[in-house]
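If you're matching positions, the sequence shown starts at 11 in this note's numbering and goes up one per residue.
Every residue gets a Cβ at the ideal spot worked out from N, C-alpha and C, and that includes glycine.
Quantities reported herein were computed from a predicted structural model and do not represent experimental measurements.
Structure record follows, encoded as structure tokens.
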Amino acid sequence: MRQLREAVAELVLTAALLFLVVTVVRWLLAPDSPVVAAVPDATLRLAGVALAVGAAIALVMSPAAGRFTAGHLNPAVTVGLWALREFPGRAVLPFAAAQLAGSALGTGLGRAVWGPMADTAAVAPGESWNGATVLALEAAAMAAMMLLAASALIAPRLARALPPLMGGAVAAAIVGLGPVTGGSVNPARQLGPALWSGQTAHLAAYLVAPVLGALLGAAAFRIVRPQARTHVPPRVRSLGPPHAL
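This is the structure:
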């Protein structure tokens, strides 16, 4: 019963995150937005998107929200925590399915509210880049995030700072990778917008790269710190003992 409740929370919150993404992208980056004329600097507008999304991630991971949700919102995070042996294997597929379903639901709601311009939420590589670039850079970014999270979780004081750390990391990835890969670093971030808009080129790379990066980051951490004991907040681990497979 608890697993179902947690999975539903992941679905609802991922849907809310994608609605937020669609909304801020539509009003900060879409060509017909008045903000484009008022703030012609595309990098500054992209930073606005990054701040909104990063703040949302930090809020969902906060202690207050932790009473209701595990706060993953990203299948790669779920898989990475499992690889760190901090999340039960039996819950990985339900969580991932809920997150991906939430992506489709939230994007569909955003499209219903904002119309076809909501399709600008689907990311794509820059003109001089391709799927191989997406795979390499998105995986590298997710690996770095997983290493950051794992490193923070071995120290109780840093563990308490995990919400703003991860929110900041997501924001940095959006700004840094935006012009190159689009800065997704989350299969759920891209799936809904890609399916609703029909922009499915390189979708496989956007889905696989973050999961691969999470596995690589977790493996690297376990190689460097094989005996490290993490201090995972209950809202991140969720669903009871990590080895309840």
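For Gly202, the three-state secondary structure derived from DSSP is helix. Residues Ala219, Leu222 and Gly223 of the same chain have their beta carbon placed closer than 6 Å to that of Ala149, with the five preceding and five following residues left out of the count. Pro203 is a Cβ neighbour of Ala131, given a cutoff of 8 Å. Cα atoms of Glu20 and Gly227: separation of roughly 23 Å, rounded to the nearest angstrom. Ranking Leu14, Val49, Ala65 and Trp37 by CA distance to the CA of Leu172 puts Ala65 first. Distance check between Val195 and each of Ala128, Phe231 and Leu147 places Leu147 closest, using alpha-carbon atoms only. The DSSP-derived three-state label of Arg170 is coil. When DSSP assignments are scanned along the segment 27-65, no uninterrupted stretch of beta strand (DSSP E) that is 3 or more residues long falls wholly within it. Judged by beta-carbon spacing, Pro197 lies within the 8 Å limit of Ala86, meaning their Cβ atoms are closer than that value. When Ala47, Ser138, Val35 and Ala111 are compared, the shortest CA-CA separation from Asp129 is found for Val35. DSSP places Phe97 outside both helix and strand once states are collapsed to three, so it counts as coil. The Cβ atoms of Trp37 and Thr117 lie no closer than 8 Å to each other. Listed in chain order, the beta strand (DSSP E) runs fully inside the segment 99-134 amount to none, counting runs of at least 3 residues.
Residue environment for Asn84: buried (at least 16 other C-beta atoms within 10 angstroms of its C-beta). Within its own chain, the residues whose Cβ lies closer than 6 Å to the Cβ of Leu115, once the five positions on either side in sequence are excluded, are Ala25, listed in chain order.
The DSSP-derived three-state label of Ala219 is helix.
Comparing alpha carbon positions, the residue from Leu168, Met152 and Gln200 closest to Ala179 is Met152.
Annotation for Ser72: no alpha helix (DSSP H) segment contains it, and DSSP assigns it neither H nor E.
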